[in-house]
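K.L.:
Numbering (the working numbering), first residue to last: 10 to 126.
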């Protein structure tokens, strides 16, 4: 809820929305846990909720599945794509995984520091 607090949103509203977002990303049972008590996938889901709390029109994800096992990575990708659609925001994602890139509406490749389309 810190990003919303920085944006000077009311405390109760901020807490309620943070809890709703954590439930939305599947962490309703882990709301009271500290970051060190969460798995990598759970920490990634918290980061997604934190990124969404101020209703951005653009969501930027740098290797969102890079440090996750394949099942958790798939769940995170599905969640990002679903949230992009529901919240009607743009999603820019950097990845080395061609399977993930294949699901994008548009892809760009960087080779030897040069941007290719």
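The beta-carbon is built from N, C-alpha and C at its ideal position, and this holds for glycine as well.
Using DSSP with H/G/I as helix, E/B as strand and the rest coil, what is residue 101?
P.N.:
Within the chain shown, residue 101 is the residue found at index 92, counting from 1. Three-state result, residue 101: strand.
K.L.:
Can you tell me where the beta strand (DSSP E) holding residue 119 begins and where it ends?
P.N.:
Within the chain shown, residue 119 is the residue found at index 110, counting from 1. Element bounds for residue 119: 118-120.
K.L.:
By a C-beta neighbour count over all protein chains shown, 10 Å radius and 16 as the cutoff for buried, is residue 29 buried or exposed?
P.N.:
Taking the chain shown and counting its residues from 1, the one referred to as residue 29 is at position 20. The residue is exposed, with fewer than 16 neighbouring Cβ atoms inside 10 Å.
K.L.:
Let me make sure I understand the geometry here. Which of 64, 25 and 113 has the alpha-carbon closest to that of residue 87?
P.N.:
One-based indexing of the chain shown puts residue 87 at position 78. It is 113 whose Cα lies nearest to the Cα of residue 87.
K.L.:
From the DSSP output, read off the bridge partner residues of residue 71.
P.N.:
Indexing the chain shown from 1 puts residue 71 at position 62. DSSP, once it has assigned bridges, lists 103 as partnering residue 71.
K.L.:
Using a Cβ-Cβ cutoff of less than 6 Å, which residues in the same chain neighbour residue 118 once the five nearest sequence positions on both sides are dropped?
P.N.:
Against the chain shown, residue 118 aligns to sequence position 109. Taken in chain order, the residues that qualify are 125.
K.L.:
Residues in the same chain with beta-carbon distance under 6 Å from residue 76, minus the five sequence neighbours each way, listed in chain order, please.
P.N.:
For the purposes of this step, residue 76 is identified with residue 67 of the chain shown, where counting begins at 1. The answer, listed in chain order, is 49.
K.L.:
Using 9 Å as the threshold, is the C-beta distance between residue 104 and residue 72 below it?
P.N.:
What you label residue 104 is simply residue 95 of the chain shown in a count that begins at 1. What you label residue 72 is simply residue 63 of the chain shown in a count that begins at 1. Closer than 9 Å, so yes.
K.L.:
In three-state DSSP terms, what is residue 36?
P.N.:
The sequence position of residue 36 within the chain shown is 27, counting from 1. In the structure shown, residue 36 sits in coil (DSSP, three-state: anything other than H, G, I, E or B).
K.L.:
Could you tell me which residues DSSP pairs with residue 123 in its beta bridges?
P.N.:
For the purposes of this step, residue 123 is taken as the residue at position 114 of the chain shown. Answer is 120.
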